[in-house]
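Peer 1:
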Amino acid sequence: MVEFLHVCTPESWVVHAAQSQQLLLVDHANCERKAASSALSMIYRYGERSKFSVQLSRIVREEMRHFEQVHALMQTLQIEYVHLSPSKYAREMHVYARENKPTKIDDLLIASIIEARSYERFERLEVVLEGKVAKLYSKLKESEHRHFLTYLDLAKKIDEETAINARIQELLQYEAQLITRFDDRFRFHSGDPVKAEG
């Protein structure tokens with residue numbers, strides 16, 4: 000996934016995640032629900048494209064299944080599912096897109112980027128976490144990769160590949176800033192938890 004994303008997750012985020020497993024799992028469960036909600040909203044947005052609806056419906060079901068799996072694991076580990084303020088990541092990606100020459104495929108491209116980042120983080124986490132959490136993350140990452148490709152493929156059915164490539168590079172450049180800059184709110188998709196000196 001490194002060949003697609005502009006930057007890797009900072010090592011400091013990985014270390015912090017390993018030390019904040021409870022918070023990580025709660026926010027991860029929230030992320031799965033939000034991913035399902037996002038895919039569901041796109042079914043209505045692209046209602047005239049029946050093939051889109053079928054592919055997006057599969058993503059909705061799979062994301063909710065992931066939510067159930069994370070929630071079940073939390074219960075096993077006696078972690079309470081509590082309300083958390085969301086990560087700034089997805090919201091800021093959409094704000095950036097709206098304010099910088101928005102296109103008709105931005106929602107699909109942003110969803111693709113989010114899935115790619117999730118895959119990359121699962122891959123990093125499965126080697127630093129242990130037991131059932133590492134095992135679950137190892138299983139889930141392949142779904143993220145498949146969703147990443149699905150969203151890209153849907154975008155290609157709407158716009159020309161040249162336009163898609165140009166726009167996604169612009170979005171990835173901004174995404175790299177979000178991932179590497181200091182973020183005081185640790186979440187599954189948050190930025191660097193360590194403030195750079197100077």
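Using numbering that gives the first Met the number 0, read the sequence shown as starting at 0 and increasing by one per residue. Just so you know, even glycine gets a beta-carbon here, dropped at the ideal spot from N, CA and C.
#1: I need the straight-line Cα distance from Tyr45 to Phe51, nearest angstrom please.
#2: Excluding five sequence neighbours on each side, which residues of the same chain lie with their C-beta closer than 7 Å to the C-beta of Gln172?
#3: To which residues does DSSP link Phe181 through a beta bridge?
#4: Among Phe185, Ala96, Pro192, Leu107, which residue has its Cα nearest to the Cα of Leu22?
#5: Is the Cβ-Cβ distance between Leu24 and Ile42 less than 7 Å?
#6: Can you tell me whether Asp183 is buried or exposed, with buried defined as 16 or more other CB within 10 angstroms of its CB?
#7: Kindly indicate which three-state DSSP category Phe3 falls into: helix, strand or coil?
#8: What alpha helix (DSSP H) runs, 4 residues minimum, are completely inside the segment 51 to 134?
#9: Just the C-alpha distance for Ile178 and Val59, rounded to the nearest angstrom, thanks.
#10: Is the number of C-beta pairs between the segment 86 to 105 and the segment 148 to 158 that are closer than 8 Å three or more?
#11: Give the single residue among Glu91, Gln77, Pro85, Ala165 whose Cα lies nearest to the Cα of Glu174.
#12: Would you give the residue range spanned by the alpha helix (DSSP H) that Ser40 belongs to?
#13: According to DSSP, is Arg145 helix, strand or coil?
#14: Taking the Cβ atom as the reference point for each residue, do Phe3 and Arg32 lie within a distance shorter than 7 Å?
#15: Taking Cβ to Cβ, would you say Phe187 is nearer than 7 Å to Asp26?
#16: State the Cα-Cα distance for the pair Glu79 and Gln20, rounded to the nearest angstrom.
#17: Return the residue from the list Glu125, Ile167, Ile109, Gln168 that minimises the CA-CA distance to Val14.
Peer 2: Reading off the structure:
#1: The residue you call residue 45 lines up with position 46 of the sequence shown. The residue you call residue 51 lines up with position 52 of the sequence shown. Near 7 Å, if we compare the C-alpha coordinates of Phe51 and Tyr45.
#2: Residue mapping note: residue 172 aligns to position 173 of the sequence shown, counting from 1. The residues are His5.
#3: Residue mapping note: residue 181 aligns to position 182 of the sequence shown, counting from 1. Phe181 is bridged by DSSP to Asp191.
#4: In the sequence shown, residue 22 corresponds to position 23, counting from 1. If we check each option's Cα against that of Leu22, Phe185 comes out closest.
#5: Within the sequence shown, residue 24 is the residue found at index 25, counting from 1. Within the sequence shown, residue 42 is the residue found at index 43, counting from 1. Contact: no.
#6: In the sequence shown, counting from the first residue as 1, residue 183 sits at position 184. Asp183 should be labelled exposed.
#7: The residue labelled residue 3 in the question sits at position 4 within the sequence shown. Reduced to three states, the DSSP call for Phe3 is coil.
#8: 88 to 98, 105 to 124
#9: Translated into the one-based positions of the sequence shown, residue 178 becomes position 179. Translated into the one-based positions of the sequence shown, residue 59 becomes position 60. Taking the straight line joining both Cα atoms gives about 26 Å.
#10: yes
#11: Counting from 1 along the sequence shown, the entry for residue 174 is found at position 175. The candidate whose alpha carbon is nearest that of Glu174 is Glu91.
#12: Looking up residue 40 in the sequence shown gives position 41. Per DSSP, the unbroken alpha helix (DSSP H) holding Ser40 starts and ends at 20 to 44.
#13: Position 146 of the sequence shown, counted from the start, is the residue given in the question as residue 145. Helix, per DSSP.
#14: Stepping through the sequence shown from its first residue, residue 3 is reached at position 4. Stepping through the sequence shown from its first residue, residue 32 is reached at position 33. In this structure, Arg32 does not lie closer than 7 Å to Phe3 by Cβ.
#15: Residue numbering aside, residue 187 sits at position 188 when the sequence shown is read from its first letter. Residue numbering aside, residue 26 sits at position 27 when the sequence shown is read from its first letter. Yes, Cβ-Cβ distance for Phe187 and Asp26 is below 7 Å.
#16: Along the sequence shown, read from residue 1 onward, the residue named residue 79 stands at position 80. Along the sequence shown, read from residue 1 onward, the residue named residue 20 stands at position 21. One C-alpha to the other measures close to 12 Å.
#17: Numbered from its first residue, the sequence shown carries residue 14 at position 15. If we check each option's Cα against that of Val14, Glu125 comes out closest.
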